[in-house]
Amino acid sequence: MHVLRGRQEIAKALETSTWKVSELFKTVPGMQHTQPDSQLLSKLLKQAGLQAVPVGSDKEAMLLKELSKQLHFVEHISAVDTTNVEPLVRVGGGSDQFFDKHKLLQARNKRPDPSATDWSPTQLAQQKSGDFYVLREGLRRE
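To convert, take the position in the sequence shown, counting from 1, and add 998; that gives this note's numbering.
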C-alpha cells in the first residue's frame, strides 16, 4: 500500500481514475444476471405505493430496462470480495468518530437512568384530566 505524502501526491492520485461507474454496467462473462419481469415490477411498484403500469406498455418496458440496469449494478457490487472486511456499523459524526460493535452493544445494554424516565409529562400541564392535557383553544385560523 502506497502512502500519499503531501498535496501534490494526493492531487496526482485523484487525477488518475482506477475505475469508472460505467464499468459496473457492463456484462461480465460468467456473472449471473437477474432479469426482472412484469410480475417483479408490479410487486415493487405496489410495495413502493406507486401506481401499476399496464402490462406490455412502453412505460413498463422502460421501467423493466431501468430496473435491469440497477439490478446489474447491485450484482457487481455484491460480487466484491469482502472477506476479512469488518462490517460498517454506522456512518456519521466526524471523520474521527468510528464505532465498533462492542461499543454499540454496550450502549444498547446500558440501563436508562431511572430519574430520566420516572416523571409524568402531564405534571407540567396547567390543566389536566387523568393522563391527558386539557387544551382550552384549538388551532387558530388567520
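Beta carbons: idealized from backbone N, C-alpha and C, even for Gly.
What you are looking at is a predicted structure, and each value in this text was computed from that prediction instead of being measured.
Proximity below 7 Å, CB of residue i to CB of residue j
i: Ser1066; j: Pro1034; result: yes
i: Leu1042; j: Ala1050; result: no
i: Ser1120; j: Leu1069; result: In the sequence on display, residue 1120 carries Thr and not Ser. Not closer than 7 Å, so no.
i: Ala1009; j: Leu1002; result: no
i: Leu1048; j: Leu1062; result: no
i: Phe1071; j: Leu1022; result: yes
Residue i - DSSP class collapsed to helix/strand/coil
i: Lys1108; result: coil
i: Gln1095; result: Residue placement at Gln1095 cannot be trusted, given a pLDDT of 48 that sits under 50; what the coordinates show is reported in the next sentence. Coil.
i: Val1078; result: coil
i: Glu1084; result: coil
i: His1070; result: helix
i: Ser1055; result: coil
i: Val1001; result: coil
i: Leu1048; result: coil
i: Lys1063; result: helix
i: Ser1036; result: helix
i: Thr1014; result: coil
i: Gln1030; result: coil
Bridge partner(s) assigned by DSSP for residue i
i: Lys1126; result: Tyr1131
Residues near residue i by beta carbon distance below 8 Å, same chain, minus five either side
i: Pro1052; result: Glu1058
Residue-level contact to chain B via CB, residue i, 7 Å cutoff
i: Arg1003; result: The structure shown has no chain B; it contains just one protein chain.
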